[in-house]
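Heads up: the sequence shown begins at 65 in the numbering used here, then just goes up one per residue.
Virtual Cβ for every residue (Gly too), placed ideally from N, Cα, C.
These numbers come from a predicted model, not from an experiment.
Shown next, in structure tokens, is the structure this report addresses.
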Amino acid sequence: MRHPGIAMYTPIEMLAQTARSSPSQIFFVVGLLIGAAVVLGLVILLVRRRMLGKESAGAEEAGLMDQLRHLRDSGEITPEEFDAARKSMVARMTRDTPKPPKSSSE
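Next up, the structure:
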């Protein structure tokens, strides 16, 4: 039942009234959307790697120290071997950490 003056269309009628796009235009737009998604994914990956890279190295070293302590406590390595490994890790961590600039008063 249609009312005069009010335009009511069924979905089929609405589809029939839409402008047709050529297949090449559709492929171009879909290609742009896929390209944008890939670029955005790469940007997110790089930012995530940069943000989490330094923190994960410290956590990895802490996990290694826990493993070394367990090996020392279980007797699989000697206390001297544990100390040598600990000193090596400390040297590696301090080498990777940037030195603060010297003040002019020193």
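- Task: Determine the DSSP secondary structure at residue 86, reduced to helix, strand or coil.
- Result: Taking the first residue of the sequence shown as 1, we reach residue 86 at position 22. For residue 86, the three-state secondary structure derived from DSSP is coil.
- Task: Determine the DSSP secondary structure at residue 115, reduced to helix, strand or coil.
- Result: The residue labelled residue 115 in the question sits at position 51 within the sequence shown. Three-state result, residue 115: helix.
- Message: Taking a contact to mean a Cβ-Cβ separation below 8 Å, would you say residue 153 touches residue 128 in this structure?
- Response: Within the sequence shown, the letter at position 89 stands for residue 153. Within the sequence shown, the letter at position 64 stands for residue 128. Yes, they are a contact pair.
- Message: Only counting the same chain, and skipping five residues up and downstream in sequence, which positions put a Cβ closer than 7 Å to that of residue 110?
- Response: Taking the first residue of the sequence shown as 1, we reach residue 110 at position 46. Closer than 7 Å at Cβ, skipping near neighbours: no residue.
- Item | Cα-Cα separation between residue 103 and residue 112, rounded to whole angstroms | As a first step, residue 103 is located in the sequence shown; it is residue number 39 there, counting from the start. As a first step, residue 112 is located in the sequence shown; it is residue number 48 there, counting from the start. Residue 103 and residue 112 have their alpha carbons spaced roughly 14 Å apart.
- Item | Assigned secondary structure, residue 140 (DSSP; H/G/I helix, E/B strand, else coil) | Sequence index remark: in the sequence shown, residue 140 carries index 76 (1-based). It is coil, neither helix nor strand.
- In chain order, what residues of the same chain have a beta carbon less than 6 Å from the beta carbon of residue 141, not counting five sequence neighbours either side? The sequence position of residue 141 within the sequence shown is 77, counting from 1. If you ignore the 5 residues before and after residue 141, its C-beta comes within less than 6 Å of the C-beta of 135, all in its own chain and listed in chain order.
- Query: Under a three-way DSSP split, which group does residue 153 fall into?
  - Reply: Locating residue 153 in the sequence shown gives position 89, where the first residue counts as 1. In this structure, residue 153 counts as helix in the three-state DSSP scheme.
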